[in-house]
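In our numbering, the protein residues as written are 151 to 516. The beta carbon of each residue, even a glycine, is placed where N, CA and C say it ideally should be. Below is one structure, written out as structure tokens; comments come after it.
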């Protein structure tokens, strides 16, 4: 008589794993079968010829160790006598294989420990696979994450994205916002690396692509492709410059991004902790583009010095030189990154005849 092992708790646990961690029951059953094979190999002299009959609906499974029928048994781990088998099955001959029913509880302490170890590894592998798929499906996307824990020492946040867990280092956080357990934040899945310790997602709130995704989410004209984001230059937490272009002459690209009474851009500024955002009109004409990029300063003239090297000289009113350069050179620096041009900024009074190395000039490269 075949002895069936009722293990309702096991199948209940597998059901919970599937529901809570997204690990398919079929996958975990495969790992259990693998674990029992390892246990049998360790407990029965290397015999791992095991067959299974598993019925999750009835919470039962049969485990059978296959042995060869012989006249006289020399190795009981691999062999069973014809006399013994014929008590249960008449039509069987020497050399045939016969499955002997086993109860996994009887495999022995060492075998059970081995089985548990393999099952635990299977769970880890399953979680790793699920996490990798979760991250891959969201690569390059803007996602909402839940803050689960914030390290009080280094400020690193442990966050949950769907069923996957990742970390958001302090260096990837922006603004003065202090994160707390339970906060919902928007992050970018910037990259994924898979190593021996499992998949690791590179999560960021400082990446320029985050700003692009926020505008795609907030501005229907960008999402629909009517307004196009041509370039972004960002110093996270401080200032971003973004160049936009309308593919419909009836649609104002900048106005679409700003929104009525600034509601669209203000929503993004709020999400980024007060980061300033300059939105300018993109142009194929480098002179117009460079002049716009230096906003909010007024540009009097853009002189292209070397088109192949992308270098130019820009003249601004004397009273706006510091505005064009920006605090610690930020405005000029971001304009250079946005346009891809080396920009030499000079005051109007110094353009004619002043020393080339005047303190009131600024040359900024990408």
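| query | result |
| --- | --- |
| What residue does the beta strand (DSSP E) around residue 391 start on, and which one ends it? | 389–396 |
| Considering only their Cβ atoms, is the gap separating residue 383 from residue 484 smaller than 8 Å? | yes |
| So, for residue 368: in the same chain, excluding its five sequence neighbours on each side, which residues have a beta-carbon less than 7 Å away from its beta-carbon? | 414, 417, 418 |
| Buried or exposed for residue 447, going by 16 or more other Cβ atoms inside 10 Å? | buried |
| Is residue 502 buried or exposed, if buried means 16 or more other CB atoms sit within 10 Å of its CB? | Residue confidence is low: residue 502 scores 41 on pLDDT, short of 50, so the model does not pin down where it sits. Its coordinate-derived value is still stated next. Answer is exposed; the Cβ neighbour count stays below 16. |
| Let me know the alpha helix (DSSP H) ranges lying completely inside the stretch 336–382, each 4 residues or longer, listed in chain order. | 358–368, 370–373 |
| Just mark residue 428 as buried or exposed, buried being the case when its beta carbon has 16 or more other beta carbons within 10 Å. | buried |
| Between the stretch 387–402 and the stretch 470–489, can you find at least three pairs of beta-carbon atoms closer than 8 Å? | yes |
| Under the rule that 16 or more other beta-carbon atoms within 10 Å means buried, what is residue 158, buried or exposed? | exposed |
| Does residue 165 pass the burial test, meaning 16 or more other C-beta atoms within 10 Å, or should it be called exposed? | exposed |
| Of all the options 303, 187, 470, which has the alpha carbon lying nearest to the alpha carbon of residue 195? | 187 |
| Contact check, residue 494 vs residue 463 under 8 Å by CB: the rounded distance? | 5 Å |
| Which residues in the same chain have their Cβ closer than 7 Å to the Cβ of residue 460, if we skip the five residues on either side of it in sequence? | 490, 491, 492 |
| By alpha-carbon positions, which one of 211, 212, 249 ends up nearest to residue 227? | 249 |
| If you follow the alpha helix (DSSP H) that residue 191 is part of, which residue opens it and which one closes it? | 175–193 |
| So for residue 240, helix, strand or coil by DSSP? | coil |
| How long is the line joining the alpha carbons of residue 335 and residue 314, rounded to whole angstroms? | 15 Å |
| Do residue 397 and residue 425 have their C-beta atoms closer together than 8 Å? | no |
| In the DSSP assignment, the beta strand (DSSP E) including residue 248 goes from what residue to what residue? | 247–252 |
| For residue 375, count neighbouring C-beta atoms within 10 Å of its own C-beta (all shown protein chains included) and say buried if the count is 16 or more, exposed if not. | exposed |
| Can you tell me which residues form a DSSP beta bridge with residue 496? | 465 |
| Taking the alpha-carbon positions, what's the residue 404 to residue 432 distance? | 10 Å |
| Could you pull the DSSP bridge partners for residue 453 from this structure? | 463 |
| Helix, strand or coil: how does DSSP classify residue 223 here? | coil |
| Less than 8 Å separating the beta-carbons of residue 352 and residue 344? | no |
| Per the contact definition of three or more C-beta pairs closer than 8 Å, is the stretch 222–236 in contact with the stretch 195–210? | yes |
| Please report the Cβ distance between residue 218 and residue 247, rounded to the nearest whole angstrom; I am assuming they are in contact, meaning their Cβ atoms lie under 8 Å. | 6 Å |
| Does the stretch 273–290 touch the stretch 317–332, meaning 3 or more C-beta pairs lie closer than 8 Å? | no |
| Measuring alpha carbon to alpha carbon, tell me which residue in 170, 487, 251 is nearest residue 312. | 170 |
| I'd like to check one pair, residue 337 with residue 293: are the Cβ atoms closer than 8 Å? | yes |
| Under a three-way DSSP split, which group does residue 384 fall into? | strand |
| Check each candidate in 332, 437, 408 and name the one with the smallest Cα separation from residue 451. | 437 |
| Which one of 439, 210, 328 has the shortest CA to CA distance from residue 421? | 328 |
| In the DSSP output, what is residue 334 paired with across the bridge? | 296 |
| Given this structure, state the Cα-to-Cα distance separating residue 488 from residue 443, to the nearest angstrom. | 7 Å |
| By DSSP's criteria, residue 483 is part of a beta bridge. Which residues make up the other side? | Answer is none; residue 483 lacks a bridge partner. |
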